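Working notes, beginning with the structure itself.
Protein chains: 2
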Amino acid sequence: MPRASAAAAARTAQQVLDAATDLFAARGFAAVSLDDVARAAGVTRGAVYHHYGNKAGLFRAVAARLQARVADSVVEAAEHAGADPRARLGAGSHAFLDAITSGPAVRVLLVDAPAVLGWREWRELDAENSGTHLRDALRAMGVDDDLLGALTAQLSGAMNDAALWIAEHEDGTRTRQQAHAALDRLLAAVAP
Amino acid sequence: MPRASAAAAARTAQQVLDAATDLFAARGFAAVSLDDVARAAGVTRGAVYHHYGNKAGLFRAVAARLQARVADSVVEAAEHAGADPRARLGAGSHAFLDAITSGPAVRVLLVDAPAVLGWREWRELDAENSGTHLRDALRAMGVDDDLLGALTAQLSGAMNDAALWIAEHEDGTRTRQQAHAALDRLLAAVAP
DNA sequence: CTCCTTACGTACACTGTGCATGTAAGACTC
DNA sequence: GAGTCTTACATGCACAGTGTACGTAAGGAG
Chain R
1 MPRASAAAAA
11 RTAQQVLDAA
21 TDLFAARGFA
31 AVSLDDVARA
41 AGVTRGAVYH
51 HYGNKAGLFR
61 AVAARLQARV
71 ADSVVEAAEH
81 AGADPRARLG
91 AGSHAFLDAI
101 TSGPAVRVLL
111 VDAPAVLGWR
121 EWRELDAENS
131 GTHLRDALRA
141 MGVDDDLLGA
151 LTAQLSGAMN
161 DAALWIAEHE
171 DGTRTRQQAH
181 AALDRLLAAV
191 AP
Chain Z
1 MPRASAAAAA
11 RTAQQVLDAA
21 TDLFAARGFA
31 AVSLDDVARA
41 AGVTRGAVYH
51 HYGNKAGLFR
61 AVAARLQARV
71 ADSVVEAAEH
81 AGADPRARLG
91 AGSHAFLDAI
101 TSGPAVRVLL
111 VDAPAVLGWR
121 EWRELDAENS
131 GTHLRDALRA
141 MGVDDDLLGA
151 LTAQLSGAMN
161 DAALWIAEHE
171 DGTRTRQQAH
181 AALDRLLAAV
191 AP
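The listed protein sequences derive, respectively, from chains R and Z. Note that my numbering has the first sequence beginning at 1, numbered continuously upward. Note that my numbering has the second sequence beginning at 1, numbered continuously upward.
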């Protein structure tokens, strides 16, 4: 008994995506079955497979949306910081930390994504979003082209682990401040 | 038809561990079945379950052994570097990069481990090994206690992503040199 | 109004985990 | 050194979960 208009179909796809985001964030990829997702979204597994192909495809869609949201925050913060490259780098980096630690992004993007999508695809997804901004910011700071790739990867890794470190503790603003302070220390290595 | 002496049992446990290490490194945790492991080790799944409890337990054993090996390299390099805290920090960090990128450790420890064991347990495993050494080295460098936790996590993350970056490229010594150079840049932020 | 396509629902096959049970060979006791 | 216990596996089965083939009804285009 399917009743499908173009709008209704888009809505069910959204509901599935929302439900999957919550469940993946709460329990992790492996502990969530597609039946769980379908039930939470009020449909059957058939609908999930129709819209997302397979379980990895659903996860990919979830991760891509979260990644895009984080990247939006980074861009907005950088815009707001003006034209000075160093100010933009700092603002974007701190915005990244705050954005990725608020909401369900950490577990999905930083714990499960590399294993589910593979490191390579995960890196590409990152490169299409916040990764590019970091790289551009470092280039604008005058980082040698030879070091650019490696330094981008390492600073990105530092921020990711900072986010995980914050999420692990989960006891208010103190650890968050420490993470931001440590990040400033590392950024100073690039721009004194 | 079991024929089990104490020595023979230890040997089969070893064979299973060796086979699992190779397979997990080559295909990833999810794509390896316990039947694959058992067949590669020349036993049945019963033996695997007997020694390691379940699939996660087997993976835990694999990861712990790899982690311990990496930590050994770090310690050895630090010892060899003498008494100067800065020299020990640098030597240990670069040794970490080289050790974790040589052999099957990268995929197991950095891609699958967080998802399979959970971020928390993975962090504890790391803390029991190379993580402690990094923290000690930073403390010896006079890093403020308030920053110690966050900075350790972020530098660790930077090194992990440096390792993944090296493993991703896999084209000889050039990328490796770039990674080491970028790492030096970050270490300079802690110790000028 | 007809036909085609989209959007699901349903049923089934297959893979893989984990556990329960069986069993034979050390190891230990006397 | 015979009996008993425990360890070290092998085997078989139950169950969960994925993916896919098929069925089906409701838009939408002509």
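No residue lacks a Cβ here, since even glycine has one placed at the ideal position from N, Cα and C. No experiment lies behind these values; they were computed from the predicted model shown.
By the Cβ neighbour-count rule, residue 177 of chain Z is exposed, with fewer than 16 other Cβ atoms within 10 Å of its own. Fully enclosed alpha helix (DSSP H) runs of no fewer than 4 residues occupy 55 to 80 of the stretch 51 to 81 of chain R, in order along the chain. Leaving aside the five residues that flank residue 138 of chain R on each side, the residues in its chain whose CB is nearer than 8 Å to its CB run, in chain order, 89, 148, 151, 152, 155 and 190. Of the residues Z:129, Z:114 and Z:91, the one whose Cα lies closest to the Cα of residue 181 of chain Z is Z:91.
Annotation for residue 45 of chain R: 34, 35 and 38 place their beta carbon closer than 7 Å to its own, counting only its chain and skipping 5 residues before and after. Among the CB atoms of chain R, none fall inside 8 Å of the CB of residue 15 of chain Z. In terms of beta-carbon proximity, residue 34 of chain Z stays away from the interface with chain R, with every pair separated by 8 Å or more. Sequence-ordered contacts of the stretch 139 to 157 of chain Z with chain R read 146, 147, 149, 150, 151, 153, 154, 155, 156 and 157 [C-beta pairs closer than 8 Å].
Counting along the chain, residue 39 of chain R sits inside the alpha helix (DSSP H) bounded by residues 34 to 41. Contact between the stretch 55 to 63 of chain Z and the stretch 79 to 89 of chain Z is not established, with fewer than three Cβ pairs separated by less than 8 Å. Listed by position along chain R, the residues whose Cβ is nearer than 9 Å to that of residue 67 of chain Z form an empty set, because the closest Cβ is around 16 Å away. Around residue 20 of chain R, the same chain offers 37, 58 and 62 as residues with beta carbons nearer than 7 Å, after the five sequence neighbours per side are excluded. The Cβ atoms of residue 67 of chain Z and residue 22 of chain Z do not sit closer than 8 Å to each other. Residues of chain R whose Cβ lies closer than 7 Å to the Cβ of residue 128 of chain Z do not exist; the shortest such Cβ separation is about 16 Å. Using a Cβ-Cβ cut-off of 8 Å, residue 120 of chain Z counts as an interface residue toward chain R, since at least one Cβ of chain R sits closer than that to its own.
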